[in-house]
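Engineer:
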Amino acid sequence: MDSKKRSSDKAAQEMISRMAESNQQNAWDRLDAQSPQCGFGKLGVCCRICTMGPCRIDPFGEGPQVGVCGADADTIVARNFLRAVAAGASAHSDHGRGVAEVFIAAAKGEAPDYQFKDTTKLYKLAEELGVETKDRQINEIAEEIGKIALAEFGKPEGNQLMARRAPKPRQEIWKKLGITPRAVDREVVEALHRSTMGVDQDYKNIILHASRTALADGWGGSMLATELQDILFGTPYPGRGEVNLGVLKKDEINIIVHGHEPLLSEMIVAASMDKDLLAEAKKVGAKGINVAGICCTANELLMRHGVPIAGNFLNQELAVATGAVEVMAVDVQCVMQGLSEITKCFHTKLITTADKAKMLGVEHVAMEEKTALKTAKEVVKKAVENYKNRGQVHIPSEKQPAVIGFSHESINYMLGGKFRASYRPLNDNIINGRIRGIGAIVGCTNPKIQQDYTHTNLAKELIKRDVLVVTTGCATIACGKQALLNPKEALALAGPGLREVCETVGIAPVLACGSCVDNSRLLVACSAIVKEGGLGEDLADLPVAGACLESITEKAFAIGQYFVASGVLVIFAKELFPFVGSKNVYNYLFNEIEKDMGGRWAVETDPVKAADMMLERIEAKREALGINVEKERKLYDMEERRALTV
Ligand code: SF4
Ligand code: MSK
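Residue 368 is where the sequence shown starts when you use the numbering used here, and the numbers rise one by one after that.
1. Leaving out the 5 sequence neighbours to the left and right, which residues in its chain are closer than 8 Å to Val1013 when beta-carbon positions are compared?
2. Would DSSP call His459 helix, strand or coil?
3. Helix, strand or coil, according to DSSP, for Phe427 in the structure here?
4. Can you name, in chain order, every residue of its own chain whose Cβ lies under 7 Å from the Cβ of Arg888, other than the five neighbours on each side?
5. Between the alpha carbons of Ala932 and Asp908, how many angstroms are there, rounded?
6. In chain order, what residues of the same chain have a beta carbon less than 7 Å from the beta carbon of Val877, not counting five sequence neighbours either side?
7. Should the region 475 to 495 be called in touch with the region 505 to 512, which here means at least 3 C-beta pairs below 8 Å?
8. Listed in chain order, which residues are found with a beta carbon closer than 7 Å to a heavy atom of the ligand SF4?
9. When we look at the beta-carbon of Cys811 and count the other beta-carbons within 10 Å, is it buried (16 or more) or exposed?
10. Given the structure, does Leu880 come close to the ligand MSK, in the sense that its CB is under 6 Å from one of the ligand's heavy atoms?
11. Please state the DSSP three-state secondary structure of Arg415.
12. DSSP on His560, reduced to helix/strand/coil?
13. Please classify Phe713: is it buried, with 16 or more other beta-carbons within 10 angstroms of its beta-carbon, or exposed?
14. Less than 7 Å between the C-beta atoms of Ser589 and His459, yes or no?
15. Shortest alpha-carbon distance to Val891 belongs to which of Asp819, Trp968, Ile661, Gly585?
16. Just verifying my parser: in three-state terms, what is the DSSP assignment at Arg373?
17. Which residue wins for smallest C-alpha separation from Glu499, given the options Thr487, Ile512, Lys488?
18. If contact is defined by three or more beta carbon pairs under 8 Å, each pair taking one atom from either stretch, is the region 734 to 742 in contact with the region 463 to 472?
19. Starting from Leu599, follow the alpha helix (DSSP H) in both directions and report where the run begins and ends.
20. Measuring CA to CA, which of Val897, Asp979, Leu860, Leu902 is closest to Gly913?
21. Given this structure, state the Cα-to-Cα distance separating Arg464 from Ser707, to the nearest angstrom.
22. Residue ranges of each alpha helix (DSSP H) run of no fewer than 4 residues wholly in the region 636 to 678, ordered along the chain?
23. Keeping to the same chain, check which residues put their C-beta closer than 6 Å to that of Leu630; ignore five residues upstream and five downstream.
24. Does the Cβ of Cys883 lie closer than 6 Å to at least one heavy atom of the ligand MSK?
25. Let's see if you can read the secondary structure: which residues bound the alpha helix (DSSP H) around Glu870?
26. Cβ of Pro763 within 7 Å of Cβ of Glu609?
27. What residue from Thr720, Lys650, Gly965, Val996 has the CA that sits closest to Glu752's CA?
28. Verify the contact flag: Lys922, CB atom, against every heavy atom of the ligand MSK, threshold strictly below 6 Å.
29. Apart from the five residues on each side of it in sequence, which residues of its chain come closer than 7 Å, Cβ to Cβ, to Asp885?
30. Determine whether the beta carbon atoms of Phe448 and Arg423 lie at a separation below 7 Å.
31. List the endpoints of the continuous alpha helix (DSSP H) containing Trp968.
32. May I ask you to report which of helix, strand or coil DSSP gives Gly806?
33. Tell me the DSSP secondary structure of Val1013 in three-state form.
34. From the DSSP output, read off the bridge partner residues of Thr838.
35. Give the range of the alpha helix (DSSP H) segment to which Leu398 is assigned.
36. Taking Cβ positions, are Tyr790 and Ile896 nearer each other than 7 Å?
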C-alpha cells in the first residue's frame, strides 16, 4: 500500500499510512478488495430491470448481443444512463424540497430557530416569481415564495419557473426538442417509467429524457435549493477559512458535520456557541467546541460562516481515525457506511439526523424544524460528554488558509461595486483576451483516482493559461487543501492576463462557489454573462467548459447532463463514465448531441490533456465570437487608463 498513490494530500497520506499500520479499513482498501470490478458494469451493458434477467451484452461481439426481451446494447446503456441521471436529480431535488418545507415553516413561525437572513434576495425572488410585496410582511411574502417553490417539485402542469432564467435562445432549443423541464417529480417518474422493461427502446429518445430530467434538477430542484438556502442562511460573500485535517483541535471538542443539507449544520454551529455548553466543555477540560465540515455541508458552512473544512469525501474515515472527533453528525448523501465500522475503533459517536438516512446500529437523533436548535444542542452535549472517552489522538498539521464565498451576487458585486454591480468587467476582460474563458471544476474524490490530484492539477493548468476557474463540491475542498483558494499562492500560478484582472478587481483566480447543488450558481452566472452582452446570445456561445475528473455519485451525471443540455462541454475521467458499451450511445453523447444541444460529453483522465481540451473549446468559441482579433499594442495616457474597465 503506497499512501502517495492513494492521495496527493499530505494529511490524507499520513492518515492512510496510520490506518494501514493499525489494520483499519478505508475506502481504498475496500476498492482493492473489490478489484477487479465487473467489466460489464464498467461499460453499462448489464441490465437487471426485470426478472427475465439479469442480462448482459458481450462487448466482444462473440456472446449474446441482446437481452431476453431483445433489448440491445444501445437501449440498455441509454436506460442505465437515464436511471443514473434520475437518481442524481432526485438527490438534489429532494434536498431542495426539504429546504422549501423548512422555508414555509419558518415563514409561518413554525420553525422559530430559522430566520430569513437575506431579505434583499427574498424581495428579488418574489419579484421574479410574481409575488406581491407591497404592504406585505416579510413572512407573508416568504410563505408564498415557499409554496411556489414547493409546487415546482410536483405541480401537475407547467414548466420549471427558474428555467426562465436561461437566455431566450436556450429556452427555444429546449422547446424545439421538447425537453423544457416540467415538475421535478414528473420528470423522475417518467424517467423510471420509460426505462422499465418494454417501454422506451430508442436510445436517442431515452437520452432526450435524460436531458429533461437533468434540466429539472439544474434549473429546478438544485437552483431552488440554492436560492432558498441563501435567503434562509445568507448569500455567501467572500470570507476567510481554513481547509484540511489540521483544522481539528487537540484541546477542543471536535464535532464534524457531514452530508449536504445546511438545515442541521447551521443549527449545530449555533449550538456550539451556546454559553452553557461552552461552560460544560470547560468543565470537562476542553478549551472550546470546534465544528468542522466534511463534503458539501462543509462548503455550505465555510461559505457562510467561515467554519473550517476538515476535508472532502475521502477524508471522512480519515478524520475519524485521528481519534480527535467526539461526534460526527451526518444527514444525507455521500455518507459512507464504512463510517459505522471505523467509528467502532475510536470513541467517535456517529449520529444520523435525517429520518430518510439511518444506519444500522448507529444512534439516530431526528432533526425536526420545530425544535432544530434544541436537537442541535443535544448533539453538541453528546460531544461534550464524549470528550472524556478520547484515546490516543493524532491530528496531521496540514491546513491551508482559503478565501471562499463566491456566489453569483458576490461575483457581480466584486466586479462592479455596490452601485454598479455587473459582469461588465468580466465580459470586457474575456473579450479583450486577458481572460481566455471560464473553466468549471466540479465533483468528488474517488479512490480509483489519486485523491485531489486531477482537480488541483487541472486548476493549475487552467489558471496558468489565463482561464478563470470556478469550482464546487469536493473539488473546491481539494483546491483549498492545495492552497489554490489562497489568492496569494494561486495568483503566483496564474497567467499574466488573469493575474492582472484578479489583482485589479480583487478576486482570486480560483473561485469557490459552494456545494454540489450550488452548480446552479454557475448556470445563473453564465446566464448573467450572456445578458451582460458581447459574448453571444446563448450559453453555448460562451468560452466556457466544465470538468469533473473525480466523480463518484449519480448526482455527477445529472449535473453533467444539465450542463451538456445547457450548451457546455463536460469532461469526465475515462474510468468513471460507465456508459460506453454502446457505439451509438457513445457517438451520440460524445458527438452528435452537440448538434442538438450545443454541449457534449468527453472523457479524459489526464488533467493536462483535459485542460488542452477545455482550452481548445474555449478558443473555438472565442473564434466563433470574433473576439480573437489581434489588437495593436497601444500606450495609454492617464486619461485613457482611467477609462479602462478592468
Ligand atoms: Fe434482460 Fe430485457 Fe429484462 Fe433487461 S429488461 S433484464 S435486458 S430481459
Ligand atoms: S459531497 S456528491 S462527494 S462533491 Fe457533495 Fe463531494 Fe461529490 Fe458528495
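The C-beta atom is built at its ideal place from N, Cα and C for all residues, glycine as well.
Structural biologist: The structure says:
1. Start at 1 with the first residue of the sequence shown, and residue 1013 comes out as number 646. Because Val1013 carries a pLDDT of 47, less than 50, the predicted location of this residue cannot be relied on, and the following value inherits that uncertainty. Hits under 8 Å: Pro792, Asp795, Asn796, Arg801, Glu867, Val868, Thr871, Val872.
2. Position 92 of the sequence shown, counted from the first residue, corresponds to residue 459. Here His459 sits in helix by DSSP.
3. As a working mapping, residue 427 is identified with position 60 in the sequence shown. Coil at Phe427, not helix or strand.
4. As a working mapping, residue 888 is identified with position 521 in the sequence shown. Same-chain partners within the cutoff: Thr593, Ser774, His775, Cys880, Gly881.
5. Residue numbering aside, residue 932 sits at position 565 when the sequence shown is read from its first letter. Residue numbering aside, residue 908 sits at position 541 when the sequence shown is read from its first letter. Near 13 Å, if we compare the C-alpha coordinates of Asp908 and Ala932.
6. Within the sequence shown, the letter at position 510 stands for residue 877. Sequence-distant Cβ neighbours of Val877 in its own chain, meaning closer than 7 Å and more than five residues away, are Ala826, Ile830, Val836, Thr838, Cys846, Leu851, Leu852, Ala857.
7. The way I'd put it, the region 475 to 495 does touch the region 505 to 512; three or more beta-carbon pairs between them come closer than 8 Å.
8. Cys414, Arg415, Ile416, Cys417, Met419, Gly420, Pro421, Cys422, Gly434, Val435, Cys436, Ala438, Ile443, Met564
9. Position 444 of the sequence shown holds residue 811. So Cys811 ends up on the buried side.
10. Along the sequence shown, one-based indexing puts residue 880 at 513. Correcting the residue identity first, residue 880 is Cys in this sequence and not Leu. Between the ligand MSK and Cys880, a heavy atom-to-CB distance of less than 6 Å is absent.
11. Working through the sequence shown from its first residue, we reach residue 415 at position 48. Coil.
12. In the sequence shown, the residue the question calls residue 560 occupies position 193. His560 carries a helical assignment under DSSP once its states are collapsed to helix, strand and coil.
13. Sequence index remark: in the sequence shown, residue 713 carries index 346 (1-based). Buried, because 16 or more other Cβ atoms sit within 10 Å of the Cβ of Phe713.
14. By 1-based counting over the sequence shown, the position of residue 589 is 222. By 1-based counting over the sequence shown, the position of residue 459 is 92. A contact, by the Cβ cut-off of 7 Å.
15. Numbered from its first residue, the sequence shown carries residue 891 at position 524. Closest by alpha carbon: Gly585.
16. Start at 1 with the first residue of the sequence shown, and residue 373 comes out as number 6. Note: Arg373 maps to helix in three-state DSSP.
17. Along the sequence shown, read from residue 1 onward, the residue named residue 499 stands at position 132. Nearest C-alpha to Glu499: Ile512.
18. yes
19. Taking the first residue of the sequence shown as position 1, residue 599 is located at position 232. First-last of the alpha helix (DSSP H) with Leu599: 589 to 600.
20. Locating residue 913 in the sequence shown gives position 546, where the first residue counts as 1. When each option's Cα is compared against that of Gly913, the closest is Asp979.
21. By one-based count along the sequence shown, residue 464 stands at place 97. By one-based count along the sequence shown, residue 707 stands at place 340. Taking the straight line from one Cα to the other gives about 28 Å.
22. 642 to 650, 662 to 672
23. Here residue 630 corresponds to residue number 263 of the sequence shown, with the count starting at 1. Counting only Cβ-Cβ distances below 6 Å, and skipping sequence neighbours, we find Val469.
24. By one-based count along the sequence shown, residue 883 stands at place 516. Answer for Cys883: yes, Cβ within range of the ligand MSK.
25. Counted from its first residue, the sequence shown places residue 870 at position 503. That run of the alpha helix (DSSP H) goes 863 to 872.
26. For the purposes of this step, residue 763 is identified with residue 396 of the sequence shown, where counting begins at 1. For the purposes of this step, residue 609 is identified with residue 242 of the sequence shown, where counting begins at 1. Taking 7 Å as the Cβ cut-off, Pro763 and Glu609 do not qualify as a contacting pair.
27. Reading the sequence shown from its first residue, position 385 is the one you call residue 752. Selected option, being the one with the closest Cα: Lys650.
28. Taking the first residue of the sequence shown as position 1, residue 922 is located at position 555. For the ligand MSK, at least one heavy atom lies less than 6 Å from the Cβ of Lys922.
29. As a working mapping, residue 885 is identified with position 518 in the sequence shown. Contacts found: Thr593, Thr839.
30. Walking along the sequence shown from the start, residue 448 turns up at place 81. Walking along the sequence shown from the start, residue 423 turns up at place 56. The answer is no: Cβ separation not under 7 Å.
31. Residue numbering aside, residue 968 sits at position 601 when the sequence shown is read from its first letter. In the DSSP annotation of this structure, Trp968 is not part of any alpha helix (DSSP H); the continuous beta strand (DSSP E) holding it starts and ends at 967 to 970.
32. Indexing the sequence shown from 1 puts residue 806 at position 439. If DSSP states are grouped into helix, strand and coil, Gly806 belongs with the strands.
33. For the purposes of this step, residue 1013 is taken as residue 646 along the sequence shown, with counting starting at 1. Confidence at Val1013 is low in this model, with a pLDDT of 47, below 50, so its placement is unreliable and the value that follows should be read with caution. Val1013: coil per DSSP, three-state reduction.
34. The residue labelled residue 838 in the question sits at position 471 within the sequence shown. DSSP, once it has assigned bridges, lists Ile808, Ala879 as partnering Thr838.
35. Start at 1 with the first residue of the sequence shown, and residue 398 comes out as number 31. Segment 394 to 401, the alpha helix (DSSP H) holding Leu398.
36. Residue 790 sits at position 423 when you count from the first residue of the sequence shown. Residue 896 sits at position 529 when you count from the first residue of the sequence shown. Their beta carbons are under 7 Å apart, which means Tyr790 touches Ile896 by this criterion.
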